[in-house]
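Student: In my numbering, the protein residues as written are 30 to 459. Every residue gets a Cβ at the ideal spot worked out from N, C-alpha and C, and that includes glycine. In this text the structure is predicted, and so the values were computed from the model without any measurement.
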Ligand SMILES: Nc1nc2c(ncn2[C@@H]2O[C@H](COP(=O)(O)OP(=O)(O)OP(=O)(O)O)[C@@H](O)[C@H]2O)c(=O)[nH]1
Ligand SMILES: [Mg+2]
């Protein structure tokens with residue numbers, strides 16, 4: 030068929046490279062479904078699936094048109110959930126793994142979202158993540174941990190799930206629900222508190238997905254995201270994902286401060302070795318603003334971190350800016366044991382994380398630096414970052430700029446945010 034001039038013009042290199050990227054967000058269990066229902070309405074190119082052993086919870090979540098529901102483990106659970114039995118959740122996952130595997134087929138990125146501590150999400154995740162990884166997907170897990178008032182047992186189930194899934198996840202974000210009390214008052218009704226937590230999570234995820242799919246003036250693409258998510262130096266997969274919006278008049282430092290100190294995180298980006306951030310501003314956003322934000326982020330990270338910067342412009346961000354940040358290789362003491370511990374105690378072979386070429390060559394910097402030396406070094410590092418929009422996307426190590434130019438105007442997505450679903454585990458108690 031003869032191509033029209035218009036059609037040829039439309040098919041830019043940009044669209045070509047993004048055309049086939051498939052991202053599937055899978056909410057596992059009740060909490061996971063609720064969280065994804067908050068993000069699904071504003072994103073168009075990603076597919077959303079809620080999987081659960083609880084038919085009632087599934088039917089609530091799939092009221093959102095964009096979410097497809099898949100039940101599993103019907104024979105074992107009768108469609109009623111597992112009642113906090115992770116062993117049953119695991120068996121349920123194994124029972125229907127062939128059906129579930131179809132969800133991973135041809136997906137480039139599978140993002141599992143789950144609130145750990147129940148039987149379904151915690152039991153099924155190790156099984157699902159293993160299958161997704163084996164099928165060649167880039168697998169990212171975004172999890173919450175139960176509140177401490179929910180008791181030791183739930184926390185134990187959640188931590189066990191992290192431990193059993195971590196080898197099959199390229200990157201993991203773990204957020205204790207408890208952290209929500211850094212944002213809302215302790216007396217806030219639980220339902221409301223969870224909604225705020227879910228909104229925060231959904232907003233962060235939204236920022237990442239927009240970064241992957243939308244075309245920027247300085248563009249971050251799938252290859253960049255993959256490079257950062259897979260860059261688990263020293264096996265550290267803990268990932269920080271945050272998206273914030275602010276007014277330019279707040280100043281770069283303040284916007285960055287909010288982006289890197291999201292109160293729902295029990296860890297910081299300081300030890301991160303792979304950072305990807307996307308700055309979205311109005312048509313009038315200046316190079317100074319962009320540089321200030323970039324430098325401010327770089328100052329707060331590891332010296333050897335690989336930093337990838339993207340810039341987008343949208344009319345709706347007049348005088349405003351949105352920063353979406355993804356940082357891998359973070360550290361925390363909170364669930365250090367679960368993340369670091371190999372699976373020796375379970376009699377399984379220890380799978381050591383593969384070392385990157387750079388890591389083999391590079392020696393760790395000795396930690397003998399005085400505070401003033403550190404400040405000086407960080408200032409010097411800041412000076413080495415150059416933002417060159419006309420030269421294309423920024424993969425910035427501290428010294429180099431490498432990547433080809435991309436120029437294309439942004440698309441507008443102005444969909445209204447919809448109301449959140451009521452968290453499923455609360456529904457049971459109402
Ligand atoms: N952030 C957040 N956490 C939730 C939400 N719903 C439940 N949780 C947390 O997730 C834990 C597990 O609950 P569910 O997600 O309902 O459990 P499940 O995976 O469906 O497992 P079973 O119902 O036991 O089969 C709870 O103890 C809560 O801590 C939610 O909407 N948001
Ligand atoms: Mg449930």
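From which residue to which residue does the beta strand (DSSP E) around residue 59 run?
Tutor: Counting along the chain, residue 59 falls outside any beta strand (DSSP E), though it belongs to the alpha helix (DSSP H) covering 58 to 68.
Student: Secondary structure at residue 438, three-state DSSP: helix, strand or coil?
Tutor: Note that residue 438 has pLDDT 30, beneath the 50 cutoff, so the model's placement of it is unreliable and the number below is only indicative. If DSSP states are grouped into helix, strand and coil, residue 438 belongs with coil.
Student: Just the C-alpha distance for residue 313 and residue 284, rounded to the nearest angstrom, thanks.
Tutor: Taking the straight line from one Cα to the other gives about 17 Å.
Student: Taking the alpha helix (DSSP H) that residue 118 belongs to, which residues open and close that run?
Tutor: Its alpha helix (DSSP H) spans residues 115 to 124.
Student: At a cut-off of 7 Å, would you count residue 107 as near ligand 2, judging by its Cβ distance to the nearest heavy atom?
Tutor: The answer is no for residue 107.
Student: With 16 other CB atoms within 10 Å as the buried threshold, where does residue 317 fall?
Tutor: With fewer than 16 other Cβ atoms within 10 Å, it is exposed.
Student: Below 7 Å, is the gap between the Cβ of residue 83 and the nearest heavy atom of ligand 2?
Tutor: Yes - ligand 2 has a heavy atom lying nearer than 7 Å to the Cβ of residue 83.
Student: So for residue 336, helix, strand or coil by DSSP?
Tutor: Three-state DSSP puts residue 336 in a strand.
Student: Can you tell me which of 276, 120 and 145 puts its alpha carbon nearest to the alpha carbon of residue 1?
Tutor: Beyond the ends of the chain as shown, which are 30 and 459, falls residue 1; an answer cannot be given.
Student: For residue 238, which three-state DSSP category applies?
Tutor: In the structure shown, residue 238 sits in a helix (DSSP, three-state: H, G or I).
Student: Hey, which unbroken runs of the alpha helix (DSSP H) at 4 residues or more fall wholly within the stretch 221 to 304?
Tutor: Listed in chain order, they are 251 to 259 and 281 to 289.
Student: What I want to know is whether the C-beta of residue 110 ends up closer than 7 Å to one or more non-hydrogen atoms of ligand 2.
Tutor: Answer for residue 110: yes, Cβ within range of ligand 2.
Student: Exposed or buried, residue 344, counting other C-beta atoms within 10 Å across all chains shown (16 or more means buried)?
Tutor: Its Cβ having fewer than 16 others within 10 Å, residue 344 is exposed.
Student: Mapping DSSP to helix, strand and coil, what is residue 355?
Tutor: Here residue 355 sits in strand by DSSP.
Student: Under the rule that 16 or more other beta-carbon atoms within 10 Å means buried, what is residue 511, buried or exposed?
Tutor: In this structure the chain extends from 30 to 459, so residue 511 is not present and cannot be described.
Student: Quick one: what's got a C-beta closer than 7 Å to residue 207's C-beta in the same chain, skipping five residues either side?
Tutor: Excluding residues within five positions, the ones whose Cβ falls inside 7 Å are 176 and 177.
Student: Between residue 206 and ligand 1, is the CB less than 7 Å from at least one heavy atom?
Tutor: Result yes, Cβ under 7 Å from ligand 1.
Student: Have a look at 202, 66 and 136 and flag the residue whose alpha-carbon is nearest the alpha-carbon of residue 360.
Tutor: It is 202.
Student: Is it buried or exposed for residue 66, if we count other Cβ within 10 angstroms and need 16 for buried?
Tutor: Buried, by the Cβ-count rule.
Student: Whose C-beta lies closer than 6 Å to the C-beta of residue 115 among residues of the same chain, with five residues either side of it excluded?
Tutor: Counting only Cβ-Cβ distances below 6 Å, and skipping sequence neighbours, we find 148, 151, 152 and 186.
Student: If we call anything under 8 Å between Cβ atoms a contact, is residue 340 one with residue 319?
Tutor: A contact, by the Cβ cut-off of 8 Å.
Student: DSSP on residue 155, reduced to helix/strand/coil?
Tutor: The answer is helix: DSSP assigns residue 155 an H, G or I state.
Student: Could you give the DSSP three-state label for residue 73: helix, strand or coil?
Tutor: Coil at residue 73, not helix or strand.
Student: Straight-line CA distance for residue 166 to residue 273?
Tutor: Cα to Cα, the separation comes out at about 28 Å.
Student: Are the beta-carbon atoms of residue 330 and residue 257 separated by less than 8 Å?
Tutor: No. Outside cutoff.
Student: Over what stretch of residues does the alpha helix (DSSP H) that includes residue 191 continue unbroken?
Tutor: Residues 181 to 194.
Student: Helix, strand or coil for residue 213, going by three-state DSSP, please let me know.
Tutor: Three-state DSSP puts residue 213 in coil, outside helix and strand.
Student: Taking Cβ positions, are residue 102 and residue 121 nearer each other than 8 Å?
Tutor: Yes, they are a contact pair.
Student: State the start and end residues of the unbroken alpha helix (DSSP H) segment that holds residue 316.
Tutor: 316 to 328 is the extent of the alpha helix (DSSP H) around residue 316.
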